[in-house]
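Protein chains in written order, with the working numbering: chain A, 1 to 360; chain B, 361 to 720; chain C, 721 to 1080. Even for Gly, the Cβ is constructed at its ideal location relative to N, Cα and C.
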Amino acid sequence: MDQAMPAVEARHGRDPGRDLRRVGANPNHWYPLAWSRELKPGKPLAVRFAGDPIVLVRPKEGPVFALEDRCAHRQVPLSNGLVEGCAIRCGYHGWAYNDAGQCVDVPYLGKDKLPNGVRAYPCREVEGLVLVFPGDPALAASVPLPLLGSVADPRYKTRRFGREVGCHYSFMHENLMDMNHQFLHRKQMGNMVPRYRGGDQGEGFVEARYTFSRVGGKQPLGEAAIFGQRRPVGKPSSSAEKDLMTIRTEYPYQTLRIRTGEDAPVMDLWIAYVPVDAAQRRNRTFGLLSIKRPKIPGLLEAGWPLLVLFTERIFREDREIVEMEQAAHDAQGEDWNQEVFPVIRNLRNLLRERGGATVA
Amino acid sequence: MDQAMPAVEARHGRDPGRDLRRVGANPNHWYPLAWSRELKPGKPLAVRFAGDPIVLVRPKEGPVFALEDRCAHRQVPLSNGLVEGCAIRCGYHGWAYNDAGQCVDVPYLGKDKLPNGVRAYPCREVEGLVLVFPGDPALAASVPLPLLGSVADPRYKTRRFGREVGCHYSFMHENLMDMNHQFLHRKQMGNMVPRYRGGDQGEGFVEARYTFSRVGGKQPLGEAAIFGQRRPVGKPSSSAEKDLMTIRTEYPYQTLRIRTGEDAPVMDLWIAYVPVDAAQRRNRTFGLLSIKRPKIPGLLEAGWPLLVLFTERIFREDREIVEMEQAAHDAQGEDWNQEVFPVIRNLRNLLRERGGATVA
Amino acid sequence: MDQAMPAVEARHGRDPGRDLRRVGANPNHWYPLAWSRELKPGKPLAVRFAGDPIVLVRPKEGPVFALEDRCAHRQVPLSNGLVEGCAIRCGYHGWAYNDAGQCVDVPYLGKDKLPNGVRAYPCREVEGLVLVFPGDPALAASVPLPLLGSVADPRYKTRRFGREVGCHYSFMHENLMDMNHQFLHRKQMGNMVPRYRGGDQGEGFVEARYTFSRVGGKQPLGEAAIFGQRRPVGKPSSSAEKDLMTIRTEYPYQTLRIRTGEDAPVMDLWIAYVPVDAAQRRNRTFGLLSIKRPKIPGLLEAGWPLLVLFTERIFREDREIVEMEQAAHDAQGEDWNQEVFPVIRNLRNLLRERGGATVA
C-alpha cells in the first residue's frame, strides 16, 4: 500500500476547503428516521433530522406519514397529541392536522376560518425502515429509494442494528472505509493485517477493496458465524487471504460486502448515518447486516447470538473512537486531520462535494 | 365564539413588535419571593428575581428584610453567613451588614473606615408571603401591595401551592386565560366544553369569562370538592352551564374566580409568576387557592386531600405543556405563536406593554 | 492592622487594569500535572494544563515523558493507546511516537514516508510530583524547578494532598494569604484572632506575616498534632501569640510556614494551583504539607489521622468558599472585588504582572 501514498509535502498539509465536520448531510435524499417496529399504530413518534423535529404517524389504517413536529398554534410537539383516523390532534387546544399537514379542525373555530397548517414530508416504508425525504419535496419523486443490499433475498438472514453515536456522520464513513483501523479491534479480531487491493471512484461514490491475513490471535467465533466456517491462523497464501472486502460510500449510504469467491457475498452490510441535532454532531445509525445462510440448515440461527455479541463489541469500539474524534474536533475548533491514505482523501472530497449547507 | 375571530389574513400573521418571550417582568411591582414558612428566624434564605441574587433575613426580632445576596468584599453569598441581631455577617472574613445594607462591621478595620455596603430591597410580609420590590426603591411606597383574593376571609379555606416551572411567565398567563386548553385536561376533567362569554380590558388588565358544559366523562371528585356538590353530566341548560368563570390578568398578577350565582365566588385563585433566572426562562409560581366553605361543617376538610391531588395533577399537566412551549421557543429562536383568539392577543399586548426591559 | 489601611476613596474603587480572573497562569514555569503514584508503568495518563491535553507516559524503563495528547492522524487521545518500549502507539490505526513526539511508525507506511509527529513537553519527576513545563521549551532549562519546602528533610513527615477546585487559581492565592479568613474556619479552629505583623514584597513574590490569639473555643486536636503540644486558650501574651505564620506567594507557587521560635518551622506547606480547563476556571491543587517530627518518637504518626481529618475539613471549607467566589464572578461577568487589605492588593498586582495571556 506504501506505493499509493503521496509525497511528503502534500501529506502533511491539512485539507483545504471547508471543514468537513461542518458539512451538513444533503437533505435531498431518503433517510431512515425510525425502524418500522418503533412506530406503533395510533402512537405518534418524535424523531429528528439535523435538528428539525418530525412526527411520524402510523394511522390505524393507511400508510405512515411524517409532519413537522409542532402545532401551528403554540408550537408544542404534535407527537404529544392523539392520532384520530388519518389525522393527528394536538394535545393542548385540540387543533387537528391531516397527512398533508393541513389544519382540518380547531374545536372552537368554524371550518371556514381554519388557520395554516404545518409542513408534510414525503415518507415511505421499506423493509422495516421508515424513510423520510427531508429536503425539497418537489425532488422526492425523482430521487430513488436506497437499495438495501440483500435484505429482501431469502438466502440471507438480516440483523437490524444501530444506535445514536455522538459524532458527525463523516467520521462514520471514514471509520468503516479505512480498514487499517483493524488495529482498533485487535482484542476482538486478533491481529489481522489488511492489504489494500485498490479502489474506484465515480459519480457519487468511492470504493475500496481489501484482503486480510491473520498474523496472530484466533478467529473469533462471531466472525466464524459470518463466514459459516472456521479459518486457520492466516498464512499469506491461505484462503482467507483471497476473501475480498469491498467498502463503498454511495452518497449518502455506505455498504460493505465480503466475497469468498462465489458470486453472492457472504456478508452484505447496508448502513446509513442520519444527523440528529442541528449542529450534526450526533448521528443515528441504521444498519442492515445480511448474512448468507450456509448449506447446513439452522447453523446460522445457532451462531446468531455470537454474531450479535461480536458485532455489538465491534460497534462499541468504533463508537467510542469516533466520539473521541468528535470531542477532539470540538476542542480544536477545526479539522486537524492529517490523512495519508488516498482512498480516505477521496472519500472526504466526495462527502464535501455531495454534502449540503454548512452547519454552525 | 367563532364570531369573535378576526379575518384569515390577520390570523395567520405572527405578532409584530418585540418577542413577548423576551419581555422581562416589570420590576416595579411587589413579587412574592418566598413563603413565610420557608424563612426561619436566624436562617438566611437565598432567592432570585430575574437572576438577581437576594438574601431574605428573618431576625430573631423585628421584621424580615431583603439585601443583595453578595458580600461587598469578595462577592460570596451573604446567605452563606450568620444572622446576628438585626444584621447579617458574611461567613468568609466576617463583614456585617444591617437591614439597610450598610456595612456595620469589618472585624479587622476601624469603624471610621468601613467600606460601602450592598443594596437593600423594600420587603413586606403578608398572608404567608414574603413580598419584595425588586425595581426602583423610590417607587415602592406608591405601588400597592397585591390584593390576595379571599385568603383573609374566614369563609374560605386556602391552599398555598406552586413550584418552579421551566418557562417564561407569559406562557403561564396565556395558559390559564385560554380555557380552550380544557382539552389538555381531558383525562382529569372529562370532556368539558368551554364557551366564551365575553371579556373586558382596561388600564393594566385583561379579563375573560366562560361557562362550561360537560359532554362526556364524569365530574372528578376533586372538582366536586371545589363546588361542594356533585353535578350531573352537563346538558347545555344544566346548572353547571350557569357557573361563570372569570379569569383576569391584572398586571403582573392573575386571578380566576368561579361564581355559581351567589355573590361570593365558590373558588378564588390568586397567582403570581416570578422570573427566577436572568433570561427569565424559568418562573416560580406562588398560588393561593381559596375555596368557600360549604354549609356542612367539615365537608371541605374531608374533601381537601382529593382537592390537593386534583389540583396537583392539573398543575402538572399545565407545567409539562408550558415547558414544551418554552423548549419550542428556545429551538425556534423566536415567537412563532399563531394566535386566533382575540382575548389572548389582547393579553399578549398587555404583557408586552406593561413588561420591563427586553432580556437576552 | 487598621493603620495599614488606605483612605476611603481608594478602598471603594474596584481594581483598575485587566480582570485578574481572566489572567492565564504563566506557562513558562514548572507545574505539577500528576502525582508520581498516579502514573503506572505502561499505562498512559491523560492530564490537562489550561485546556491543553497532555499524555504522561512512564515506560517500563527510562524516565517519564509528556506529549500532546492527540494522534497527528485523526486527533484521538494517545492516552487511549499503548505504551511500547519507549514509544506510545495510538489505539486507532496504530501510529507510534517516541518521547520526543516524533512519529516513528505507521504500520501501513514506509519508514521514509512517516508524517509529522506531535509536540513534546519538558518533563521531570521530583519528590513524588510529575512536573511539566507547558510554555516555550527553549526556556525550560533556564527556569529552576520549584523548591518543595521541607519534603526532603528527614526531620519532617509530609502529607501529599489536593484535589480539583472549581475556581481560578488566583482565588486560591488570596484565600490563603488573607488570614482574616480564619473566620471561615471558626467551627474547626475556634475563635482565633489573626494579627497582621507586616509583610514584604519584591521580585516575583509577596509575603505576609501573622500571629494569632485564641479568644474562644478549644484548640482542635488536629492543630495540636501540627504543633506537637496542647495550647491553652490564648491570652494576648501567651506563647501561641508568639508563633509566627509566614505566607508567601513566590510566583507561581505558594508557601506557608509556622515558626514557634526555633529556626526550623514546625509546619512547612508548599502548594501549587494548576489550571485545568482553557478558561482556567478550575484548578488542580498539589500540596505538600510537611510537619516537623516532635521529640517523642511515634507521636506524629499517632496524631496523623487527626491531622488528615483536620486539614481535609479546612480544605473543604476553603474549597466551598472559593467556588462561591468563582460562581459570583461568572454571574457578575467581571471582578467586583473590593479589597481593603493592602497585602492582598499587592498579591493581586503580582498575579496580574507575572501571569500569562488573558483567557476568554
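Chain B within 7 Å of residue i, Cβ atoms only
i                 : result
His12 (chain A)   : Its pLDDT being 39, under 50, His12 (chain A) is placed unreliably by the model, and nothing is read from it.
Met965 (chain C)  : no
His901 (chain C)  : yes
Met1044 (chain C) : yes
Pro115 (chain A)  : yes
Gln1058 (chain C) : yes
Pro956 (chain C)  : At Pro956 (chain C) the pLDDT is 44, less than 50, meaning the model places this residue with poor confidence; the figure from the coordinates comes in the next sentence. It does not: the Cβ of Pro956 (chain C) has no partner Cβ on chain B nearer than 7 Å.
Ala1048 (chain C) : yes
Tyr108 (chain A)  : yes
CB contact below 7 Å: residue i versus chain C
i                : result
Val719 (chain B) : no
Tyr733 (chain B) : The structure shown has nothing for residue 733 (chain B), since chain B only spans 361 to 720.
Val593 (chain B) : Confidence is the limiting factor: at Val593 (chain B) the pLDDT is only 49, short of 50, which leaves the residue's position unreliable, though a coordinate-based value still follows. Closer than 7 Å: no.
Pro387 (chain B) : no
Ile321 (chain A) : yes
Span separating the alpha-carbon of residue i from that of residue j
i                 : j                 : result
Glu672 (chain B)  : Arg519 (chain B)  : 11 Å
Thr285 (chain A)  : Trp1024 (chain C) : 56 Å
Pro437 (chain B)  : Asp496 (chain B)  : 22 Å
Gly222 (chain A)  : Asn746 (chain C)  : 54 Å
Lys218 (chain A)  : Val1042 (chain C) : 56 Å
Thr980 (chain C)  : Val767 (chain C)  : 39 Å
Pro1040 (chain C) : Lys833 (chain C)  : Sequence check: residue 1040 (chain C) is Glu here, not Pro. Going from the Cα of Glu1040 (chain C) to the Cα of Lys833 (chain C) covers about 53 Å.
Met965 (chain C)  : Pro985 (chain C)  : 9 Å
Gly886 (chain C)  : Tyr993 (chain C)  : 11 Å
Ala4 (chain A)    : Gln75 (chain A)   : For Ala4 (chain A), the predicted model reports a pLDDT of 42, less than 50, meaning its position is unreliable and no value from the coordinates is stated.
Leu405 (chain B)  : Val478 (chain B)  : 16 Å
Glu1045 (chain C) : Glu884 (chain C)  : 15 Å
Pro220 (chain A)  : Gln188 (chain A)  : 7 Å
Met912 (chain C)  : Thr931 (chain C)  : 10 Å
Val826 (chain C)  : Arg195 (chain A)  : 14 Å
Gly869 (chain C)  : Arg934 (chain C)  : 28 Å
Proximity test, Cβ basis, 7 Å: residue i and chain A
i                : result
Tyr841 (chain C) : no
Ala794 (chain C) : A quick correction: the sequence has Arg, not Ala, at residue 794 (chain C). Cβ-Cβ to chain A under 7 Å: yes for Arg794 (chain C).
Leu544 (chain B) : yes
Tyr876 (chain C) : no
Gly814 (chain C) : yes
Outcome for residue i when other beta-carbon atoms lying within 10 angstroms are tallied against a minimum of 16
i                 : result
Ala372 (chain A)  : In the structure displayed, chain A extends from 1 to 360; residue 372 (chain A) sits before or after that span and is not available.
Pro392 (chain B)  : buried
Thr1078 (chain C) : exposed
Arg363 (chain A)  : No answer is possible for residue 363 (chain A): it lies beyond the span of chain A, which begins at 1 and ends at 360.
Arg197 (chain A)  : exposed
Lys763 (chain C)  : exposed
Pro866 (chain C)  : buried
Arg757 (chain C)  : exposed
Arg1036 (chain C) : exposed
Ile296 (chain A)  : exposed
Gly782 (chain C)  : exposed
Ala331 (chain A)  : exposed
Ser237 (chain A)  : Unreliable positioning characterises Ser237 (chain A) in this predicted model, as indicated by a pLDDT of 44, which lies under 50. The coordinate reading is nonetheless provided below. Classification for Ser237 (chain A): exposed.
Lys760 (chain C)  : exposed
Gly715 (chain B)  : buried
Identity of the residues DSSP links to residue i by a beta bridge
i                : result
Val83 (chain A)  : A:Ile88
Pro635 (chain B) : B:Asn643
Ser170 (chain A) : In DSSP, Ser170 (chain A) forms no bridge with anything.
Item to complete: Count the CB pairs spanning the stretch 1015-1024 of chain C and the stretch 787-797 of chain C that are closer than 8 Å, and state whether there are at least three.
Response: The stretch 1015-1024 of chain C vs the stretch 787-797 of chain C: no contact.
Discussion item. Pairs of beta-carbons, one from the stretch 968-979 of chain C and one from the stretch 1041-1059 of chain C, closer than 8 Å: are there three or more?
Written reply: no
Worksheet item: Is there contact here, the stretch 446-455 of chain B with the stretch 900-909 of chain C, by at least three beta-carbon pairs under 8 Å?
Response: yes
Worksheet item: Counting Cβ pairs closer than 8 Å, one from the stretch 737-751 of chain C and one from the stretch 546-566 of chain B, do we hit at least three?
Response: As far as the Cβ criterion goes, the stretch 737-751 of chain C does not touch the stretch 546-566 of chain B, which means the pair count is below three.
Worksheet item: Is the number of C-beta pairs between the stretch 700-714 of chain B and the stretch 526-539 of chain B that are closer than 8 Å three or more?
Response: As far as the Cβ criterion goes, the stretch 700-714 of chain B touches the stretch 526-539 of chain B, which means the pair count is three or higher.
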